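Down below is the structure, laid out as structure tokens.
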Amino acid sequence: MTLEKATKDMQALVAQHGFNYEGELTYDGRQIFTRRWTKKTQVVWYGECESTLEIKISMSYGIPLVRIVRDGRREDKPRDYSSPKRAFNAIGEIVRCAGFEM
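Using numbering that gives the first Met the number 0, the letters of the sequence shown correspond one by one to residues 0 to 101.
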């Protein structure tokens, strides 16, 4: 896949799935697109608690990099995928397994 095709596919998928550019950039000036999910759950002996999932995605030389933040804590390493389509398929599964709806 060429860099131009990967960038074009990424822009289409970002717009289609509701990710927004909030002004955040990577260290080398690439845009980071973000989407957040929230839900309220009942916790025993504590009451109602809000759970959040935030996914940030950017491109690095045609390779999508995905960073996951759960309840304000980010995972150690970003995940990289071979194509934007595979990245968004994985994001769908991550969101589903975390109990949120895409």
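Backbone N, C-alpha and C fix where the C-beta goes; we use that ideal spot for every residue, glycine too. Since the model is a prediction, treat every value here as computed from it, not as a measurement.
Going by C-alpha positions, S81 is about 38 Å away from V42. Distances from the alpha-carbon of F99 to those of V68, G46, K76, W36 put W36 closest. Assignment of P83 by DSSP, reduced to helix, strand and coil, places it in the helix class. If you check the CB distance, K55 and I31 come in under 9 Å. Judged by their CB atoms, M58 and P83 are nearer to each other than the 9 Å cut-off.
In this structure G17 touches R34 by the C-beta definition: roughly 6 Å separates them, less than 8 Å. Collapsing the DSSP output to three states places R29 in coil. Counting every other CB atom within 10 Å of its CB across the protein chains shown gives L24 a total below 16, marking it as exposed.
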